[in-house]
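Engineer: Handing you this structure, nothing more for now.
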Amino acid sequence: MAVTTFNTLRLVSSSLDSIPSISFSTSYSLSLISVGGITCSDVKRCLKHTCSVRAMSSSSAASSSSFGSRMEESVKKTVTENVVVVYSKTWCSYCIEVKTLFKRLGVQPLVIELNELGPQGPQLQKVLERLTGQRTVPNVFVGGKHIGGCTDTVKLKRKGDLALMLAEANGKTDQILRK
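In full-length UniProt numbering, the protein residues as written are 1 to 179.
Printed below as a string of structure tokens:
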């Protein structure tokens, strides 16, 4: 059963010419708080904007869903085709630690800096959370398998399991390349 949530967007303005940006995944109803000088034609124009906002929201929600699916498939393909993938943010000390750890091991992971992807960065992070249950970075994959974040990666390295995973992943990669 689909449920549509309506959030109230309040415009505090005497001019309705500029409508603020609105999330594409939520339907909005529009309420006006009059500051003065709003005419009937302003309200009618505003109501037209409300209808178009709702129409855009419902069509965008469908395209957002397919966009999310495409992004999810892209993540799955990326982590399958690369031995090590690190979803990271340039300013994150835990991400830097993981990238340094792989460098010391002589492994060059595919690093995807979420904060350098513009609006797709947060969307990609939500997709990663949906896929892995982890909402923080770094989000590390070895051999197509999610291994966790910084603490998990360091623990695997200390136990010697990371080296085994890397060797196994390299073997899989070699097999894929030979086919």
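No residue lacks a Cβ here, since even glycine has one placed at the ideal position from N, Cα and C.
Is the CB-CB distance between residue 168 and residue 143 below 8 Å?
Structural biologist: Numbered from 1 along the sequence shown, position 168 holds the residue referred to as residue 168. Numbered from 1 along the sequence shown, position 143 holds the residue referred to as residue 143. A Cβ-Cβ contact shorter than 8 Å links residue 168 with residue 143.
Engineer: What whole-angstrom Cβ distance do residue 101 and residue 151 have, given they're in contact under 8 Å?
Structural biologist: For the purposes of this step, residue 101 is identified with residue 101 of the sequence shown, where counting begins at 1. For the purposes of this step, residue 151 is identified with residue 151 of the sequence shown, where counting begins at 1. Not quite, the Cβ-Cβ distance comes to about 12 Å (not below 8 Å), so this is no contact.
Engineer: Our contact map puts residue 137 next to residue 114 with C-beta atoms below 8 Å; I'd like the distance itself, whole angstroms only.
Structural biologist: As a working note, residue 137 is residue 137 in the sequence shown. As a working note, residue 114 is residue 114 in the sequence shown. Contact flag correct, Cβ pair sits at about 7 Å.
Engineer: What ranges does the alpha helix (DSSP H) occupy inside the UniProt domain "Glutaredoxin" (84–147), keeping only unbroken runs of at least 4 residues that lie completely in it?
Structural biologist: 93–104, 120–132
Engineer: Which of the three DSSP states is assigned to residue 170 in this structure?
Structural biologist: In the sequence shown, residue 170 corresponds to position 170, counting from 1. The three-state secondary structure of residue 170, taken from DSSP, is helix.
Engineer: Take the Cβ of residue 163 as the centre, count every other Cβ of all protein chains shown within 10 Å, and call the residue buried at 16 or more, exposed below.
Structural biologist: Here the question's residue 163 lines up with position 163 in the sequence shown. Its Cβ having fewer than 16 others within 10 Å, residue 163 is exposed.
Engineer: Thinking C-alpha only, which one of 103, 96, 131 is nearest residue 73?
Structural biologist: Working through the sequence shown from its first residue, we reach residue 73 at position 73. Shortest Cα-Cα distance from residue 73 to any of 103, 96, 131 involves 131.
Engineer: Do residue 98 and residue 140 have their beta-carbon atoms positioned less than 8 Å apart in this structure?
Structural biologist: In the sequence shown, counting from the first residue as 1, residue 140 sits at position 140. In the sequence shown, counting from the first residue as 1, residue 98 sits at position 98. Yes, they are a contact pair.
Engineer: Keeping to the same chain, check which residues put their C-beta closer than 6 Å to that of residue 112; ignore five residues upstream and five downstream.
Structural biologist: Sequence index remark: in the sequence shown, residue 112 carries index 112 (1-based). Correct list, in chain order: 87.
Engineer: Can you tell me the Cα-Cα spacing of residue 123 and residue 79, whole angstroms?
Structural biologist: Sequence index remark: in the sequence shown, residue 123 carries index 123 (1-based). Sequence index remark: in the sequence shown, residue 79 carries index 79 (1-based). Cα to Cα, residue 123 sits roughly 17 Å from residue 79.
Engineer: Nearest-angstrom Cα distance between residue 149 and residue 110?
Structural biologist: Against the sequence shown, residue 149 aligns to sequence position 149. Against the sequence shown, residue 110 aligns to sequence position 110. Approximately 15 Å between the Cα atoms of the pair.
Engineer: For residue 128, count neighbouring Cβ atoms within 10 angstroms of its own Cβ and tell me buried if that reaches 16, exposed if not.
Structural biologist: Your numbering for residue 128 matches position 128 in the sequence shown. By the neighbour-count rule (16 or more Cβ atoms within 10 Å), residue 128 is buried.
Engineer: Buried or exposed: residue 30, going by 16 or more other Cβ atoms within 10 Å of its Cβ?
Structural biologist: Stepping through the sequence shown from its first residue, residue 30 is reached at position 30. Bear in mind that the predicted position of residue 30 carries a pLDDT of just 35, short of 50, making it unreliable; the figure below should be weighed with that in mind. Around the beta carbon of residue 30, a 10 Å sphere encloses 16 or more other beta carbons of the protein chains shown; the residue is thus reported as buried.
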